[in-house]
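Structure record follows, encoded as structure tokens.
Protein chains: 10
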Amino acid sequence: MNRSGLLHPELSALVARAGHTQTIVLADTGLPIPAGTPRIELGVSAGLPSLLDVLSAVLGELVVERVTVASETRQHSPQWHARLLDTLQQAPDRITHDEITHDALKASLPGALAVIRTGEVTPYANVILHCGVNF
Amino acid sequence: MNRSGLLHPELSALVARAGHTQTIVLADTGLPIPAGTPRIELGVSAGLPSLLDVLSAVLGELVVERVTVASETRQHSPQWHARLLDTLQQAPDRITHDEITHDALKASLPGALAVIRTGEVTPYANVILHCGVNF
Amino acid sequence: MNRSGLLHPELSALVARAGHTQTIVLADTGLPIPAGTPRIELGVSAGLPSLLDVLSAVLGELVVERVTVASETRQHSPQWHARLLDTLQQAPDRITHDEITHDALKASLPGALAVIRTGEVTPYANVILHCGVNF
Amino acid sequence: MNRSGLLHPELSALVARAGHTQTIVLADTGLPIPAGTPRIELGVSAGLPSLLDVLSAVLGELVVERVTVASETRQHSPQWHARLLDTLQQAPDRITHDEITHDALKASLPGALAVIRTGEVTPYANVILHCGVNF
Amino acid sequence: MNRSGLLHPELSALVARAGHTQTIVLADTGLPIPAGTPRIELGVSAGLPSLLDVLSAVLGELVVERVTVASETRQHSPQWHARLLDTLQQAPDRITHDEITHDALKASLPGALAVIRTGEVTPYANVILHCGVNF
Amino acid sequence: MNRSGLLHPELSALVARAGHTQTIVLADTGLPIPAGTPRIELGVSAGLPSLLDVLSAVLGELVVERVTVASETRQHSPQWHARLLDTLQQAPDRITHDEITHDALKASLPGALAVIRTGEVTPYANVILHCGVNF
Amino acid sequence: MNRSGLLHPELSALVARAGHTQTIVLADTGLPIPAGTPRIELGVSAGLPSLLDVLSAVLGELVVERVTVASETRQHSPQWHARLLDTLQQAPDRITHDEITHDALKASLPGALAVIRTGEVTPYANVILHCGVNF
Amino acid sequence: MNRSGLLHPELSALVARAGHTQTIVLADTGLPIPAGTPRIELGVSAGLPSLLDVLSAVLGELVVERVTVASETRQHSPQWHARLLDTLQQAPDRITHDEITHDALKASLPGALAVIRTGEVTPYANVILHCGVNF
Amino acid sequence: MNRSGLLHPELSALVARAGHTQTIVLADTGLPIPAGTPRIELGVSAGLPSLLDVLSAVLGELVVERVTVASETRQHSPQWHARLLDTLQQAPDRITHDEITHDALKASLPGALAVIRTGEVTPYANVILHCGVNF
Amino acid sequence: MNRSGLLHPELSALVARAGHTQTIVLADTGLPIPAGTPRIELGVSAGLPSLLDVLSAVLGELVVERVTVASETRQHSPQWHARLLDTLQQAPDRITHDEITHDALKASLPGALAVIRTGEVTPYANVILHCGVNF
């Protein structure tokens, strides 16, 4: 058993493999993931695990520079959006965030290192992590 | 997206493949899983997802006749044991349960159809599901 | 054995993997499926299982927004077309349907998540399912 | 599309590969299939396709000398047993049948060439086919 | 052992998988088969098996609408060409045939479902089968 | 295209890999080949190719010390047995032959380097080749 | 890039997969690793990386209860043995250690979860890690 | 052991698979082989085996119409060039040869059926074989 | 154990496979490596092993003509740059070096034979090796 | 291109992987290699490459403690045996040799790390290398 807070072997390996500027996407259960993009399935049932719980765990282990979310989240899922900002503020790194449209977010998926599919069932609740380095 | 309450593709396939009397094991994060036994990794971080949350989701979809737990759980993890019994009572099937020693439970793992590893961090918190049929 | 009504492991996993707006195609036994498109073979003999029986089973488990059929079906296989509409009306979701030409339907196959090949032997009897989410 | 009445590619290949005295098992949806035994999944939903419909299709293409069923079928599923005998009589070959206990049937599965899992939901409804040759 | 006359497992599976309008190519032993095209090797020694013997066996099992041969065959291998026409006339389906240049035939190979390589050693003796359906 | 008379790539590789005293079995279409034994499928239809035609081609390329046949062949398939002796006499090596029972022949299959399945449909017509070296 | 101090993806995944009482072996470059035991190759050149540098990194991430070393190390490589004890004392867990003969250590390798091969070139310098849990 | 003079299983299979006009390249040990091109490694140490020794062995088994070499060989490796011509003259087929620049030779490698890498250490010593048929 | 100073099996094989003008990249732990580029993971923890230690080991075994580094290294990591030049001067070959921008270096990665990821944590510390031959 | 004298990638990797006391077998072209033993094919044609040429190349890179040969070699292939002793004396290590019967040598093959098959055509000419370390 590892000590770092991230118990999932493939997730640990993914985090260790991520290079500077590469992206890892945390997805709700409905995001259409392209066939060629690697995926890690975490979703068990509706809301389990939630995207933000997974995000907290990942941010404890992965160096992240910036996150991108769909601009639709602020309007359609304002509470989730607020909790996302809280989660980012509690991260060990100072993480900026920006927005693109949900369509642009979906169009960026083929370039992602991997998509982590959670049990999240909140509309538009997907987050692109831009990986960083600590040197 | 499926309607049955079980969002995980490999988990759904496992449940669909399980034959009468075959066993599926829900495991805490520390159970020593033999190299040849198929495993599905669900654990993200300590306690996420909990074994009982995963059990509830699985019982909603898998026909189960009986569960087996380590006899050590009643003494060392009595609260978890009580919540386990609650979870079983809320299942759609009438499920009996019995106990074996933790050592016997570990010795049975090579014969399991698969082990589902959760984020559970309660001592001895593992459950063997004996699969049933509804005809 | 699972409880959801869909007994096939690969089919269960496919349904659990399907994202919003992705397509799954139910095919008669003669549809030319492109080499790179994943396929699930269900057809045993002529008419077994029928496409509509498989469709009923899938609609019980997969959230579907809309279906697309070849416009040729209404003219060349009117009885099958009528039974298809009945099947859609008995689905748990409200499902709209539209039509494209058979040639356009064939041209869309490389983008499908998978093609499910049934034993159907009715001319033009193929259905594109546009997957939805329930949140 | 092939002309022989058996539309399923893996099933066609299995039939073509079967040697004299080797066994192929047709199973209901609940038979516990050993991990190392090849399996072909045909079951879509409860009863679809039925074992006897699949048997008819297979007997049209595979040379079979003899079938073995569980002795429990005659008592617990007498109607199914009667329909099985009808199906065997309509086969192109003269096929004898014998009985073993359900436990003995399950114990023989590791030696089978493959198990074909149908949607059958009748208790004890499994059939061992002993393959023959026509020369 | 199967009853349909086609004893080869991969060939049986190929025939069962072929969709309407897809092509299967029967080749002499020297046709340059592109690296990405699936191939089934049947050729044992010069002339064994001959392409026309394989064609007869395949036509007994595969529904074929039309065949295409190189226009060079009529001039350079007239006897083989005549025997090909005989073979087509004895097929269960009514099969039309047309001609393209040998270069066009070679250029079409990347789009074929598979190439079946025989032991044929007659110049230009290759046949494209255009698969049909019987409904 | 190779010059040695053996056109089949896997067969050529098998012959090149065979060590002194290892066995390669030429089989009729009904021999029950164990699951773990490598097999090369050559059989197309009943009698095509015949075992003896394949044997002639193989003997032209493989150094063989001795062959073993089922003792049943002499009684049940005397004509085939006579033609087998002719074929052996025309081989480039001096090849001795001996007999074992058909049951012993089947029991030896798990130790074979590979089984080559032909289209032969003569009862008991199987031949074990004991590979040699020419130095 | 991950934050936990262990940069190697397969090593991170191995640590995350290790169950209570399972063993991971850190090996010098000459240990005879059995063919069936998973191995992670880290050794680049003589002494790079050293086993103790790798051990420090692993102990920062893996929960370890106990280590086992060959009893030969104290006599033949006393300085390395002393540095090993130092390394263990600086680990976050309290780790006990015991000794077995080098032959017994080699005999235990088939049961290890994995062997991590370093660039160590000190005689008998191998360490068995007995994995623990922190709950 | 085979009789044809070519002892290498993959090489034998490659020769048996080669179609008319396809190319096989014999390479010195330094030729930059593209990642996607199949390769057979024969080189053991400097000069072992030499390209011309391998060429002699291959020409004894593969039907070759023509070879292409880099025009640089005549000037930079004239002795090797002369020995190449000798080798070609001793081949069973009448083989023509032509020249292209070394850069053009390297640019043609992605289209080759395979590259056979020898131990040759003579500058520019690479040969493209254009495969033929003997019918 | 090998004698050449390079103990890592995949690294040894990579060096043996490298052709003239092909590139191998030594990378710090944060370089974004494209998904399709082969990678060898050597990094254990921050600085272990360092890129220059790995470079020394590789230069002892691989023939290198030239290296390319990011022009940013001279300004942002001047000490590392100086040590790199020292390392190159101690190599058995005379190795020239040139510079490109870090962006151009990243853009060249898809064409590399492989990327070797070290534990280096110095900004911009990546080196492209242009492979040579010694004949 | 590597500098160590061993140009073959798989051979280089094998040498780098070999642990103390593990065995690598150099074989003539006729040794019956068990199906489960890894093999590296080097033999091109009769005598090319010879076993002793390969042995010289391997001894230049692999640390070897001892070799074992068949006792039959001294009597049946005395010249080869003498040249073997010469080759061993020119090796960088001091290598002892012992003898076992050819049957015992063949019986030891399943335990070998790998068998390297050369083009050697001298009777009984096989050598077991017992790998060593240089620390």
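Chains as they are written, first to last, in numbering that gives the first Met the number 0: chain A, 0 to 134; chain B, 0 to 134; chain C, 0 to 134; chain D, 0 to 134; chain E, 0 to 134; chain F, 0 to 134; chain G, 0 to 134; chain H, 0 to 134; chain I, 0 to 134; chain J, 0 to 134. Cβ coordinates follow ideal geometry from the N, Cα and C atoms, glycine included.
Tell me, to the nearest whole angstrom, how far the beta carbon of residue i is from that of residue j; I am working on the premise that it is less than 8 Å.
i: residue 47/B; j: residue 12/A; result: Contact flag wrong, Cβ pair sits at about 19 Å.
i: residue 87/E; j: residue 66/E; result: 7 Å
i: residue 92/E; j: residue 131/E; result: 7 Å
i: residue 23/E; j: residue 128/E; result: 5 Å
i: residue 109/G; j: residue 18/G; result: Not a contact, Cβ separation roughly 17 Å.
i: residue 32/F; j: residue 64/F; result: Wrong, their Cβ atoms sit about 23 Å apart, outside the cutoff.
i: residue 50/A; j: residue 30/A; result: About 10 Å; that fails the 8 Å criterion.
i: residue 117/I; j: residue 79/I; result: Between residue 79/I and residue 117/I the Cβ distance is about 12 Å, and since that is not below 8 Å, they are no contact.
Does any residue of chain C bring its CB to less than 7 Å from the CB of residue i?
i: residue 3/B; result: yes
i: residue 69/B; result: no
How about residue i: is its C-beta nearer than 7 Å to some C-beta of chain H?
i: residue 92/J; result: no
According to the neighbour-count rule (16 or more other Cβ atoms, all chains shown, within 10 Å of its Cβ), is residue i buried or exposed?
i: residue 69/J; result: buried
i: residue 84/I; result: exposed
i: residue 15/A; result: buried
i: residue 21/A; result: buried
i: residue 133/J; result: exposed
i: residue 52/I; result: buried
i: residue 27/B; result: buried
i: residue 106/A; result: exposed
i: residue 113/B; result: buried
i: residue 111/A; result: buried
i: residue 124/I; result: buried
Using a C-beta cutoff of 7 Å, does residue i count as contacting chain E?
i: residue 126/C; result: no
i: residue 21/H; result: yes
Can you confirm whether residue i, when its beta carbon is compared against all beta carbons of chain A, has any partner nearer than 7 Å?
i: residue 18/C; result: yes
Does the CB of residue i have a neighbour CB from chain F at under 7 Å?
i: residue 31/J; result: yes
Which residues of chain H have a Cβ atom closer than 8 Å to the Cβ of residue i, listed in chain order?
i: residue 43/J; result: 5, 6, 7, 10, 41, 48, 52, 53, 56
Identify the contact partners of residue i in chain H, using a Cβ-Cβ distance below 7 Å as the criterion.
i: residue 132/I; result: 29
i: residue 112/F; result: Those do not exist, as residue 112/F stays about 12 Å from chain H at its closest Cβ, beyond 7 Å.
Shorter than 7 Å from the beta carbon of residue i to some beta carbon of chain B?
i: residue 35/A; result: no
i: residue 120/D; result: yes
Residue i CB to nearest chain J CB: under 7 Å?
i: residue 60/I; result: yes
What in chain B is Cβ-close to residue i, meaning under 7 Å?
i: residue 14/C; result: 1
Contact between the region 40-56 of chain I and the region 67-78 of chain I is defined here as three or more beta-carbon pairs at a separation below 8 Å; is this criterion met? no
The region 94-103 of chain I touching the region 4-20 of chain J, judged by at least three CB pairs closer than 8 Å: no
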